[in-house]
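J.: Numbering-wise, the sequence shown is residues 11 to 341 according to this note's numbering.
For every residue, glycine included, the Cβ atom is placed at its ideal position computed from N, Cα and C.
For reference, the structure I am asking about is given below.
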Amino acid sequence: MTSYDVLGVGNALVDIQARVEDAILGELAIDKGIMTLVDDQQQASVLNRLNGRPLNRCAGGSAANTIVAVAEFGGTAAFIAKIGEDEVGDFFLKDMRDLGIKIDIDPTPAAPTGTCAVLITDDAQRTMMTNLGASATLQATDIDESLIKASKYVYVEGYLLTGESTKAAAYRAMDLAKQHGVKVALTASDPFLVNMIRDEIWDLITGPVDLFFCNEEEAKSLTGESDPIACAAKIHQHAENVALTLGAKGSLVMHGGEAFPIEGVDVKAIDTTGAGDMYAGAMLYAITNGMDWRHAGHLASQASARVVSQMGARLDQKFTAAEIQALSILS
11 MTSYDVLGVG NALVDIQARV EDAILGELAI DKGIMTLVDD QQQASVLNRL
61 NGRPLNRCAG GSAANTIVAV AEFGGTAAFI AKIGEDEVGD FFLKDMRDLG
111 IKIDIDPTPA APTGTCAVLI TDDAQRTMMT NLGASATLQA TDIDESLIKA
161 SKYVYVEGYL LTGESTKAAA YRAMDLAKQH GVKVALTASD PFLVNMIRDE
211 IWDLITGPVD LFFCNEEEAK SLTGESDPIA CAAKIHQHAE NVALTLGAKG
261 SLVMHGGEAF PIEGVDVKAI DTTGAGDMYA GAMLYAITNG MDWRHAGHLA
311 SQASARVVSQ MGARLDQKFT AAEIQALSIL S
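In structure tokens:
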């Protein structure tokens with residue numbers, strides 16, 4: 011059977027980007043510069059308002075972005091999610107498959123494919139409306155055991171823990187991974203999520219999770235510590251591996267009782283959307299393709315810095331094989 015470096019489980023969203031005037035935000039009565047969850051009807055109204063404008067679309071969602079990064083670095087990847095029986099869902103499948111990602115989804119007619127409308131104003135601010143759509147219908151029976159068995163890592167998006175059926179799918183994926191000796195990675199996803207289900211996240215870190223991704227704010231919320239090093243050390247008492255991102259200050263990687271401080275990369279940040287997803291994708295690619303943890307952290311740091319210096323969650327300028335090789339032997 012084909013082996014996959016990483017199998018992702020998460021929300022399937024299509025990012026739809028458009029440049030708009032500030033007046034449009036006023037007409038739609040949405041707050042500028044933030045992400046708002048909207049229902050099917052509200053999202054349909056927003057998308058209808060964009061008719062006739064140049065649009066840029068790409069498959070997205072937190073875990074999907076990470077899986078795309080794995081594939082674009084040259085890794086083998088698969089993805090499990092839920093889409094609607096519509097043109098947007100067809101686009102999601104094609105976009106992922108064109109990158110070589112294994113994805114077999116039975117579309118549901120019960121809900122539209124999830125979308126994230128990204129409205130970009132002249133001041134470069136991004137206002138996002140997210141409709142989970144069919145993603146919210148993911149359930150345990152959607153988890154393909156054969157894909158789990160064929161993977162080195164299963165990467166689970168923390169956002170799945172907020173819904174009853176999606177949580178069941180996440181737990182099913184982690185349970186199957188443990189049964190088949192497959193490593194489990196979990197991302198905290200959002201400080202709000204950590205505050206909401208802190209005890210459950212601790213249980214997962216203590217239990218099936220082999221690699222935990224979080225940012226500084228999430229780590230502080232989870233541990234109650236104020237110092238990032240203390241946060242990482244406390245999490246590492248329970249999780250075998252920890253990757254704690256610190257924005258422009260770099261990151262901390264912990265493995266085998268050792269701490270690897272990873273320096274930040276000096277870049278002009280234009281758009282921080284997807285930085286954590288890219289960091290996770292680069293690290294997962296690195297550790298499933300022969301890099302040690304310290305060098306994996308360097309690659310992840312470089313990749314996240316490159317993605318924040320451009321618009322969008324995918325790299326405009328891909329890393330060359332020579333660049334990856336140089337980072338793998340960086341002293």
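With a threshold of 6 Å, establish whether the CB of T255 neighbours any heavy atom of the ligand ZN.
T.: Absence of the ligand ZN is noted for the structure shown, with no ligands found whatsoever.
J.: Chain D beta carbons: is any one of them nearer than 7 Å to that of S199?
T.: Although the question refers to chain D, the structure presented lacks it and comprises just one protein chain.
J.: Does DSSP classify K201 as helix, strand or coil?
T.: As a working note, residue 201 is residue 191 in the sequence shown. As written in the sequence, residue 201 is Pro, which differs from the Lys given in the question. If DSSP states are grouped into helix, strand and coil, P201 belongs with the helices.
J.: Is S236 buried or exposed, if buried means 16 or more other CB atoms sit within 10 Å of its CB?
T.: Stepping through the sequence shown from its first residue, residue 236 is reached at position 226. With fewer than 16 other Cβ atoms within 10 Å, it is exposed.
J.: Using the three-state DSSP reduction, which class does I77 fall into: helix, strand or coil?
T.: Counting from one through the sequence shown, the residue named residue 77 turns up at place 67. I77: helix per DSSP, three-state reduction.
J.: For N21, which of helix, strand or coil comes out of DSSP?
T.: As a first step, residue 21 must be located in the sequence shown, where it is residue number 11. Coil.
J.: Is Q247 buried or exposed, if buried means 16 or more other CB atoms sit within 10 Å of its CB?
T.: Start at 1 with the first residue of the sequence shown, and residue 247 comes out as number 237. Answer is exposed; the Cβ neighbour count stays below 16.
J.: Taking the alpha carbon of K230 as the point to measure from, which residue in N251, L221, A198 and L214 has its own alpha carbon closest?
T.: Residue 230 sits at position 220 when you count from the first residue of the sequence shown. It is A198.
J.: Straight-line CA distance for A28 to L47?
T.: Locating residue 28 in the sequence shown gives position 18, where the first residue counts as 1. Locating residue 47 in the sequence shown gives position 37, where the first residue counts as 1. For A28 and L47, the distance between alpha carbons rounds to 18 Å.
J.: How many Å lie between H190 and A292 at the Cα?
T.: For the purposes of this step, residue 190 is identified with residue 180 of the sequence shown, where counting begins at 1. For the purposes of this step, residue 292 is identified with residue 282 of the sequence shown, where counting begins at 1. The alpha-carbon atoms of H190 and A292 are separated by roughly 24 Å.
J.: Using a 10 Å radius around the Cβ and a threshold of 16 neighbouring Cβ atoms, would you call T151 buried or exposed?
T.: For the purposes of this step, residue 151 is identified with residue 141 of the sequence shown, where counting begins at 1. With fewer than 16 other Cβ atoms inside 10 Å of its own Cβ, T151 counts as exposed.
J.: For the candidate residues K278, I34, A121 and Y289, whose alpha-carbon lies nearest to that of A22?
T.: The residue given as residue 22 occupies position 12 in the sequence shown. Nearest of K278, I34, A121 and Y289 to A22, Cα basis: A121.
J.: Which class does T283 belong to by DSSP, given the choice of helix, strand or coil?
T.: Locating residue 283 in the sequence shown gives position 273, counting from the first residue. In this structure, T283 counts as coil in the three-state DSSP scheme.
J.: Report, in whole angstroms, the separation of the C-beta atoms of G124 and L142, which I expect to be a contact under 8 Å.
T.: Start at 1 with the first residue of the sequence shown, and residue 124 comes out as number 114. Start at 1 with the first residue of the sequence shown, and residue 142 comes out as number 132. So it is a contact: roughly 5 Å between Cβ atoms.
J.: Less than 7 Å between the beta carbons of M301 and S338, yes or no?
T.: By 1-based counting over the sequence shown, the position of residue 301 is 291. By 1-based counting over the sequence shown, the position of residue 338 is 328. Yes, the pair counts as a contact, with Cβ atoms nearer than the cut-off.
J.: Using a Cβ-Cβ cutoff of less than 7 Å, which residues in the same chain neighbour V275 once the five nearest sequence positions on both sides are dropped?
T.: If you number the sequence shown from 1, residue 275 lands on position 265. Once the five neighbours on either side are set aside, the close Cβ partners of V275 are S311, Q312 and A315.
J.: Are the CB atoms of V164 and L196 within a distance shorter than 7 Å?
T.: Within the sequence shown, the letter at position 186 stands for residue 196. Within the sequence shown, the letter at position 154 stands for residue 164. The answer is no: Cβ separation not under 7 Å.
J.: Less than 8 Å between C-beta atoms, sequence neighbours within five positions excluded: which residues of the same chain meet that for L232?
T.: Locating residue 232 in the sequence shown gives position 222, where the first residue counts as 1. So the list reads A198, V204, R208, I211, W212, C224, C241 and I245, once near-sequence residues are dropped.
J.: How many angstroms separate the CA atom of D133 from the CA atom of G322?
T.: Residue numbering aside, residue 133 sits at position 123 when the sequence shown is read from its first letter. Residue numbering aside, residue 322 sits at position 312 when the sequence shown is read from its first letter. In this structure, the straight-line span from the alpha carbon of D133 to that of G322 is close to 16 Å.
J.: Exposed or buried, E82, counting other C-beta atoms within 10 Å across all chains shown (16 or more means buried)?
T.: As a first step, residue 82 is located in the sequence shown; it is residue number 72 there, counting from the start. Classification of E82: buried, given that the 10 Å Cβ count is 16 or more.
J.: Would you call the segment 106-119 and the segment 79-94 touching, i.e. three or more CB-CB distances under 8 Å?
T.: With the cut-off at 8 Å, the segment 106-119 and the segment 79-94 touch.
J.: Can you list, in chain order, the stretches of the beta strand (DSSP E) that have 3 or more residues and sit fully within the segment 114-183?
T.: 124-130, 136-141 and 161-167
J.: Could you tell me which of A79, G168, A243 and A87 sits nearest to F202, measuring between CA atoms?
T.: Along the sequence shown, read from residue 1 onward, the residue named residue 202 stands at position 192. The residue among A79, G168, A243 and A87 with its C-alpha nearest the C-alpha of F202 is G168.
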